[in-house]
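Engineer:
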Amino acid sequence: MHRPVIDWFDEHARDLPWRRPEAGPWGVMVSEFMLQQTPVNRVLPVYEQWLARWPRPADLAAEPPGEAVRAWGRLGYPRRALRLHAAACAIQERHGGEVPDDHAELLALPGVGEYTAAAVASFAFGRRHPVLDTNVRRVFARVVGGVQYPPNATTAAERRLARELLPADEPTAARWAAATMELGALVCTARTPHCARCPVTARCAWRQAGSPAHDGPPRRGQTYAGTDRQVRGKLLAVLREATAPVPQRDLDRVWDEPVQRARALDGLVADGLVEPLADGRYRLPLT
DNA sequence: CACCCGTGGTC
DNA sequence: TGACCAAGGGT
41 MHRPVIDWFD
51 EHARDLPWRR
61 PEAGPWGVMV
71 SEFMLQQTPV
81 NRVLPVYEQW
91 LARWPRPADL
101 AAEPPGEAVR
111 AWGRLGYPRR
121 ALRLHAAACA
131 IQERHGGEVP
141 DDHAELLALP
151 GVGEYTAAAV
161 ASFAFGRRHP
171 VLDTNVRRVF
181 ARVVGGVQYP
191 PNATTAAERR
201 LARELLPADE
211 PTAARWAAAT
221 MELGALVCTA
231 RTPHCARCPV
241 TARCAWRQAG
251 SPAHDGPPRR
261 GQTYAGTDRQ
271 VRGKLLAVLR
281 EATAPVPQRD
291 LDRVWDEPVQ
301 RARALDGLVA
311 DGLVEPLADG
321 RYRLPLT
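Quick note: my numbering has the first sequence finishing at residue 327, numbered continuously throughout.
1. Determine the contact status of Val187 and Met41, defining contact as a CB-CB distance below 7 Å.
2. With DSSP as the reference, label Val286 as helix, strand or coil.
3. Using CA atoms only, rank isn't needed, just tell me which of Leu324, Ala213, Asp141, Asp142 is closest to Leu172.
4. Short check: CB of Cys235 to CB of Val179, under 7 Å?
5. Distance check for Arg177 and Glu62, CA to CA, integer angstroms please.
6. Buried or exposed: where does Gly151 fall if 16 or more other Cβ atoms within 10 Å of its Cβ makes it buried?
7. Along the chain, where does the alpha helix (DSSP H) that runs through Gly307 open and close?
8. Relative to the C-alpha of Gly153, which residue among Arg215, Met69, Leu291, Asp311 is closest?
9. Taking the straight line between their C-alpha atoms, what separation do you get for Ala265 and Pro211?
10. Taking the C-alpha atoms as reference points, what is the distance between Ala282 and Val83?
11. Is DSSP giving Tyr354 helix, strand or coil here?
12. Are the CB atoms of Leu324 and Leu305 within a distance shorter than 7 Å?
13. Is the Cβ-Cβ distance between His254 and Tyr155 less than 7 Å?
14. Taking the Cβ atom as the reference point for each residue, do Pro97 and Ala121 lie within a distance shorter than 7 Å?
15. Please classify Thr299: is it buried, with 16 or more other beta-carbons within 10 angstroms of its beta-carbon, or exposed?
16. Quick one: what's got a C-beta closer than 6 Å to Trp48's C-beta in the same chain, skipping five residues either side?
17. If you compare alpha carbons, which of Ala53, Val314, Ala181, Thr327 is closest to Val286?
18. If distances are taken between C-alpha atoms only, which option among Pro170, Val184, Arg303, Pro95 comes closest to Asp209?
19. Give the secondary structure of Pro95 by DSSP, where H, G and I count as helix, E and B as strand, and everything else as coil.
20. Jot down the residue ranges of each uninterrupted alpha helix (DSSP H) in the segment 66–94, minimum 4 residues, whole runs only, in chain order.
21. Three or more C-beta pairs under 8 Å: does that hold for the segment 108–124 against the segment 73–92?
22. For Ala101, which residues from the same chain have a beta carbon less than 6 Å from its beta carbon, with the 5 sequence-adjacent residues on both sides left out?
23. For the alpha helix (DSSP H) that Trp112 lies in, which residues bound it at each end?
24. Please classify Glu222: is it buried, with 16 or more other beta-carbons within 10 angstroms of its beta-carbon, or exposed?
25. Decide if Ser251 is buried, meaning its Cβ has at least 16 other Cβ atoms within 10 Å, or exposed.
26. Which residues in the same chain as Gln89 place their Cβ atom closer than 8 Å to its Cβ, once the five residues preceding and following it in sequence are excluded?
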């Protein structure tokens, strides 16, 4: 199944800025942080601004973390901005300002988990690592496993399969990783897969089985309305827009339930996303 | 391992 | 219209 997928990728791969050679390892790393749970289309403009402002890890590390949170805009999960800033600081301190090419060293950086470490090593440095993101897991679940969706959490069996399917030589392995991700993103999509355009539809186990619907416990959905996350989002939006420290009363206006509002604000402070001042006002963190 | 963490588009 | 989904990580 490797040849057809890689050939398909050669013809249909999107021209994304972090795939251009000039993006470099730092560009790849920034894109991977931003793409964690955020769609490509919404990442694109923020990515361009980010790289223009902070073309090297050292440039970002030289700024207060709050500037990263502000520049993150509405990408969501703003702790990622904080972690990307912390990763830039660690790269500056531990790696002389250069993004490391070693999987273990990448994994040790803030905000870099198993997926991101493999992705950066593979896409930025051409190294050979199984890259298991939600797209690849879905492709494997269908083509190999014969089921509509992968398990809720990544299993040892999935990791073993990904390792077994990984091509032996480095350049092909990196190509394979990008190709399987792209196939999942463009063709083997979650909702309505485009099997007519799939290069491996003829040997897809799920297709051969008649595309049976997901069977088993319902996949955990995400609720949002009325949660602390929504309140945190509203509070942080006020602070992102502000150019000066914000009085408590301006934050109180975003949510009328005082207990939940206070809990959300406390959480933001605890996470380091918000800095309380001695005079009772709040701002994005300077340290 | 289950849950928490934002935001907006889609069907 | 509301549930589902999007290149996860940390605890």
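Note that beta-carbon positions come from the ideal geometry of N, C-alpha and C, so glycine has one too. A quick note: this is a predicted structure, and the numbers were derived from the prediction, not measured.
Structural biologist: Looking at the atomic coordinates:
1. Judged by beta-carbon spacing, Met41 lies beyond the 7 Å limit of Val187, meaning their Cβ atoms are not closer than that value.
2. Note: Val286 maps to strand in three-state DSSP.
3. It is Ala213 whose Cα lies nearest to the Cα of Leu172.
4. In this structure, Val179 does not lie closer than 7 Å to Cys235 by Cβ.
5. Computed Cα separation, rounded: 29 Å.
6. A buried status is given to Gly151, since no fewer than 16 other beta-carbon atoms sit within 10 Å of its beta-carbon.
7. Secondary structure note for Gly307: its alpha helix (DSSP H) is the uninterrupted segment 298–310.
8. Put simply, of Arg215, Met69, Leu291, Asp311 the residue whose alpha carbon is nearest the alpha carbon of Gly153 is Met69.
9. Across the structure, Ala265 and Pro211 are spaced so that their CA atoms are roughly 45 Å apart.
10. Straight-line Cα distance between these residues: approximately 23 Å.
11. Residue 354 lies beyond the stretch modelled for the chain, which goes from 41 to 327, so this question has no answer here.
12. Cβ distance not < 7 Å, so Leu305 and Leu324 don't count as in contact.
13. Contact: no.
14. Their beta carbons are not under 7 Å apart, which means Pro97 does not touch Ala121 by this criterion.
15. Strictly speaking, residue 299 in this sequence is Val, with Thr absent from that position. Counting C-beta atoms within 10 angstroms of its own C-beta, Val299 has fewer than 16 neighbours from the protein chains shown and is therefore classed as exposed.
16. So the qualifying residues of the chain are Pro239.
17. Nearest C-alpha to Val286: Val314.
18. The candidate whose alpha carbon is nearest that of Asp209 is Pro170.
19. Note: Pro95 maps to coil in three-state DSSP.
20. Complete alpha helix (DSSP H) runs here, min 4: 80–93.
21. At 8 Å Cβ cutoff, the stretches touch.
22. The residues are Ala128, Cys129, Gln132.
23. Boundaries of the alpha helix (DSSP H) harbouring Trp112: 105–112, taken from the DSSP string.
24. Looking at its Cβ environment, which holds 16 or more other Cβ atoms inside 10 Å, Glu222 is buried.
25. Exposed is the call here.
26. Result list for Gln89: Ala111, in chain order.
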